[in-house]
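Keeping their order, the protein sequence lines are chains A and B.
Counting in the working numbering, the first sequence runs from 1 upward without gaps.
Counting in the working numbering, the second sequence runs from 1001 upward without gaps.
The beta-carbon is built from N, C-alpha and C at its ideal position, and this holds for glycine as well.
2 protein chains.
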Amino acid sequence: MGVQMNDLLKLDNQLCFAIYACYREISKMYRPFLDELGITYPQYLALLVLWEQKKCSVKELGERLYLDSGTLTPMLKRMEAAQLIKRNRCMDDERKVIVHLTKQGELLKEKAKCIPEALLRNSGIHQEDFLHLLKQLKRLLRHVHDLNK
Amino acid sequence: MGVQMNDLLKLDNQLCFAIYACYREISKMYRPFLDELGITYPQYLALLVLWEQKKCSVKELGERLYLDSGTLTPMLKRMEAAQLIKRNRCMDDERKVIVHLTKQGELLKEKAKCIPEALLRNSGIHQEDFLHLLKQLKRLLRHVHDLNK
DNA sequence: GTAAATTTAATTGTGCACAATCTAATTTAC
DNA sequence: GTAAATTAGATTGTGCACAATTAAATTTAC
């Protein structure tokens, strides 16, 4: 009871489309919470990294988020303008730019703390389903990322 | 063995991030194939719809792809400039714009036919895993889309 | 020690996304 | 039948994504 060869071009059978549309629909659920903090979803992701490890290079951030400097540089500049982070050249290796939180960026973590729980509750998704899907998608992500290397 | 309350803000436990990064990595796998056809991934999705049903309104296309006119109008204009589609006002209801394939856009289907199979093969993902994940993500998409209504 | 290769960011240009607003056509309510 | 509400697209402005190129610093190979 699989998908026939002829159906593989049907929109309904596109895994990547389902993933892509899911991202956009889920990010819409984040919007009211992130609007409250004055940030976008990609900025939220960058902050998640910095809330975990206080500072990191643009390169390292790019590796964590699977984004390149062409995306990160302007985004980080906007975040610096919003006084959430500071960007400084590394002293040891001046090719590197180190990003770290400002006090304000650090304080935002308290306001953000409730977001994942609120979203999970709003969505009504069971924890076991959430964990199962998370596990599968992380596996897929690692796999596809390896293929692209 | 679930996720602790304190870990919910960790990047590693973000379902939406895994989905978002998956989309971007998978779309990278499409790129060489789509470059061949001279189209982008969102354009490919629009073509999938038109290859299925020959013509449809912008509104209908937006509903199928979960995209609004602010995204579709400029994209469809680029596709019209590339002579893949034509856009015409509907005679019955002039608010509607009907999109349909040109001969060229129709012919592109033949070149695209092999893409899903090639991608599935390149990825090395088992059909059963593919189908399982597709089913789950379509379910999640419908669920979240309903919540956003 | 210096030229070549590598590494890290920044820049540029194109193409989505999407909120907000606007315009025009059509429906509806009366 | 006409004013008000609704609907369908288009427009505008901001913010990602990412390929391709550039620039500068650091490593390496000789």
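Exercise. For R1095(B), which option in S1069(B), K1054(B), S1027(B) has the closest C-alpha, if you only look at C-alpha atoms?
Worked result: S1069(B)
Exercise. Helix, strand or coil: which one does DSSP assign to I1098(B)?
Worked result: strand
For this session: Return the first residue and the last residue of the alpha helix (DSSP H) that K1055(B) is part of.
Result: No alpha helix (DSSP H) contains K1055(B), which is instead part of the beta strand (DSSP E) from 1055-1057.
For this session: Taking only beta carbons into account, state which residues of the stretch 1016-1029 of chain B come closer than 7 Å to chain A, listed in chain order.
Result: C1016, F1017, A1018, I1019, Y1020, A1021, C1022, Y1023, R1024, E1025, I1026, S1027, K1028, M1029
Exercise. Ends of the alpha helix (DSSP H) at I115(A)?
Worked result: 115-123
Exercise. What residue ranges within the stretch 22-65 of chain A form continuous alpha helix (DSSP H) runs of no fewer than 4 residues, ordered along the chain?
Worked result: 41-53, 58-65
Problem set entry | For N1148(B), the three-state DSSP class (helix, strand or coil) | coil
Exercise. Which residues in the same chain have their Cβ closer than 6 Å to the Cβ of Q83(A), if we skip the five residues on either side of it in sequence?
Worked result: T102, Q104
Exercise. Which residues in the same chain have their Cβ closer than 7 Å to the Cβ of W51(A), if we skip the five residues on either side of it in sequence?
Worked result: K109
For this session: Check whether the stretch 1141-1148 of chain B touches the stretch 35-45 of chain A, counting contact only when three or more Cβ pairs, one atom from each stretch, lie closer than 8 Å.
Result: no
For this session: Give the single residue among P1074(B), A1021(B), V1049(B) whose Cα lies nearest to the Cα of E1063(B).
Result: V1049(B)
For this session: Ignore the nearest five residues each way along the sequence and tell me which others in Y1044(B)'s own chain have a CB closer than 6 Å to its CB.
Result: L1034
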